[in-house]
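K.L.:
At position 58 of the sequence shown the residue is numbered 614 (the numbering used here), and the sequence of numbers has no breaks. Glycine included, C-beta positions come from ideal geometry on N, C-alpha and C.
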Amino acid sequence: MPQREFSSHFAPGDFVRHPERPEWGLGRIQSAHGARLTATFENAGKQSINAEAISLVRIEPPEAE
557 MPQREFSSHF APGDFVRHPE RPEWGLGRIQ SAHGARLTAT FENAGKQSIN
607 AEAISLVRIE PPEAE
């Protein structure tokens with residue numbers, strides 16, 4: 557059975573928060589390749605996220621500042 561293509565709808569530069577890790581603070585997407593996202597968070601540094609397992613919350617830039 558062919559594997560389906562997953563699109564996370566995130567792009568480099570997007571601001572995000574991890575719903576299960578609020579202590580990580582504000583994050584910014586560095587790369588997005590299918591379901592694999594890399595984001596840098598204020599208090600957790602660079603993290604690799606599987607967007608199929610974790611639904612990051614997009615934050616609009618004005619709220620992020």
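Report buried or exposed for Ala595, applying the criterion of at least 16 other Cβ atoms within 10 angstroms of its Cβ.
P.N.:
That one is buried.
K.L.:
Smallest Cα separation from Pro617: which of Trp580, Arg584, Glu576, His574?
P.N.:
The candidate whose alpha carbon is nearest that of Pro617 is Arg584.
K.L.:
For my contact list, Asn599 and Glu579 are in at a C-beta cut-off of 8 angstroms; report their separation, rounded to the angstrom.
P.N.:
Rounded, the Cβ-Cβ distance is 6 angstroms, consistent with contact.
K.L.:
Using the Cβ count rule (16 or more neighbours within 10 Å means buried), how would you classify His574?
P.N.:
With 16 or more other Cβ atoms within 10 Å, it is buried.
K.L.:
Is the distance from the Cβ of Ile615 to the Cβ of Leu582 below 8 angstroms?
P.N.:
Yes, these two residues count as a Cβ contact at 8 angstroms.
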